[in-house]
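These protein sequences, in sequence, are chains D and A.
This note's numbering applies: residue 1 is where the first sequence begins, and numbers increase by one.
This note's numbering applies: residue 1001 is where the second sequence begins, and numbers increase by one.
Using N, Cα and C, we set each Cβ at its ideal position, and we do this for glycine too.
Scroll down for the structure; my scribbles are underneath it.
Number of protein chains: 2
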Amino acid sequence: MYQLFGSKDEMLAASLERRPPGYEAGLSPGPGEAATPRERILYVFERLARASAEPGYHGCPYLAALVELKDPGHAASRVARDAKERLKEAFRAQAELGGARDSGLLARQLMLVFDGASARSGAGVESLDDGLATSTATTLLDAAGVG
Amino acid sequence: MYQLFGSKDEMLAASLERRPPGYEAGLSPGPGEAATPRERILYVFERLARASAEPGYHGCPYLAALVELKDPGHAASRVARDAKERLKEAFRAQAELGGARDSGLLARQLMLVFDGASARSGAGVESLDDGLATSTATTLLDAAGVG
């Protein structure tokens, strides 16, 4: 294994670079798709709730890598940070399309909710089954003027 | 060390049971204190922002224990879960005093923001210096009718 990857660090980084999570597909509108920016953002939170209900769910692997490694320079931390930045940028782009008053701020707020929901449900101290993450995101979208 | 604590698990649990974080004091009003329930809730987020600006901050130690151990039965996980439950219950009690439409839901939403903000700032992928966590909590308090 180490001959293939060079180091344990690179192996962990490679394991995080496997196919992106399913919600990323929902953020790019298909041809003729009617979804609104608001719907695309909320889709991410619905997808998170579905994932968190699966047996063996332990939260977002990118966030777990960042929390556990506590080392921003680690190869896996860089992969994780890039993935988190992509999601935040997707939120920001959709928020802007949806007419948010401050799309950058809204994207950062949505990331707090996404990572809090992923960490808490992954640790088994919260359940997202009743739409908690989606309804929290909805409140933030409403307040930011994304209709 | 192990003679004192019996096991490594108990040692980790004991290390999490040291004095509670500073924000807990702000949640119990002192004699003659004028703070409103809303102010007491927001104090927790302001305290988190201040803590996250300290050098060497790595996020809430309770959340880190839950994320890293991935074992709800571990002695340290139980200590961490209890601490998280105390904060959620303090939020709920203040939300009720402040006239929240659904104090239980608001408390769970605030915990998503608290844990998301602690994890992201602790991992170095977000900064709370501009009041991000407090303003997000404010939006949720407004929407829940806590004036």
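Given that Q1094/A touches chain D, what residues does it touch there, using C-beta distances under 8 angstroms? Here the premise fails: no neighbours, minimum Cβ distance about 18 angstroms.
Integer-rounded CB distance, given that L16/D should sit under 8 angstroms from Y62/D: Rounded, the Cβ-Cβ distance is 6 angstroms, consistent with contact.
Closer than 8 angstroms, CB to CB, is D1115/A near chain D or not? Under the Cβ distance rule, D1115/A counts among the residues neighbouring chain D, one pair being separated by less than 8 angstroms.
In the structure shown, what three-state DSSP assignment does G1122/A receive? Correct three-state label for G1122/A: helix.
Can you find a CB in chain A that lies within less than 8 angstroms of the CB of P72/D? Yes, because at least one Cβ of chain A sits closer than 8 angstroms to the Cβ of P72/D.
Using 8 angstroms as the limit for Cβ to Cβ distance, is G124/D near chain A? Interface residue, yes.
Within 8 angstroms (strictly less), CB to CB, does V1146/A reach chain D? V1146/A does not count as touching chain D.
Determine the DSSP secondary structure at G99/D, reduced to helix, strand or coil. Coil.
Where T1134/A sits in the DSSP three-state scheme: Of the three classes helix, strand and coil, the one that applies to T1134/A here is helix, per DSSP.
Using the Cβ count rule (16 or more neighbours within 10 Å means buried), how would you classify P1037/A? Taking all protein chains in view, the Cβ of P1037/A is crowded by 16 or more other Cβ atoms within 10 Å, so the residue is classified as buried.
Test: A143/D CB closer than 8 angstroms to a CB of chain A: Yes, its Cβ sits closer than 8 angstroms to a Cβ of chain A.
List the whole-angstrom C-beta distance separating D1129/A from A1053/A, where the pair is believed to meet the contact cut-off of C-beta under 8 angstroms. Indeed they touch by this definition, with Cβ atoms about 6 angstroms apart.
What separation, rounded to the nearest whole angstrom, lies between the Cα atoms of E1138/A and G1131/A? Residue 1138/A is actually Thr in this sequence, not Glu. Looking at the two C-alpha atoms, the distance is approximately 10 angstroms.
Counting only C-beta atoms, is E17/D closer than 8 angstroms to chain A at any point? Closer than 8 angstroms: no.
Let me make sure I understand the geometry here. Which of G56/D, Y23/D and A49/D has the alpha-carbon closest to that of K84/D? Residue Y23/D is the option with its Cα nearest to K84/D.
For the structure I just gave you, are there three or more beta carbon pairs, one from the region 1078-1098 of chain A and one from the region 1109-1129 of chain A, closer than 8 angstroms? Counting Cβ pairs under 8 angstroms, three or more are found: they touch.
Rounded to whole angstroms, what's the CA-CA distance from D1009/A to G99/D? Just pull it up for me. One alpha carbon belongs to D1009/A, the other to G99/D, and they sit about 50 angstroms apart.
May I have a chain-ordered list of the beta strand (DSSP E) segments no shorter than 3 residues that lie completely inside the region 14-54 of chain D? Here no run is fully enclosed.
Given that A133/D touches chain A, what residues does it touch there, using C-beta distances under 8 angstroms? Residues of chain A passing the Cβ test: L1112.
Please confirm if V1044/A has its CB atom under 8 angstroms from at least one CB of chain D. It does not: the Cβ of V1044/A has no partner Cβ on chain D nearer than 8 angstroms.
Mapping DSSP to helix, strand and coil, what is A144/D? It is coil, neither helix nor strand.
Beta-carbon neighbours of R78/D, restricted to chain A and to distances below 9 angstroms: Taking the beta carbon of R78/D as reference, no residue of chain A falls within 9 angstroms; the closest one sits roughly 11 angstroms away.
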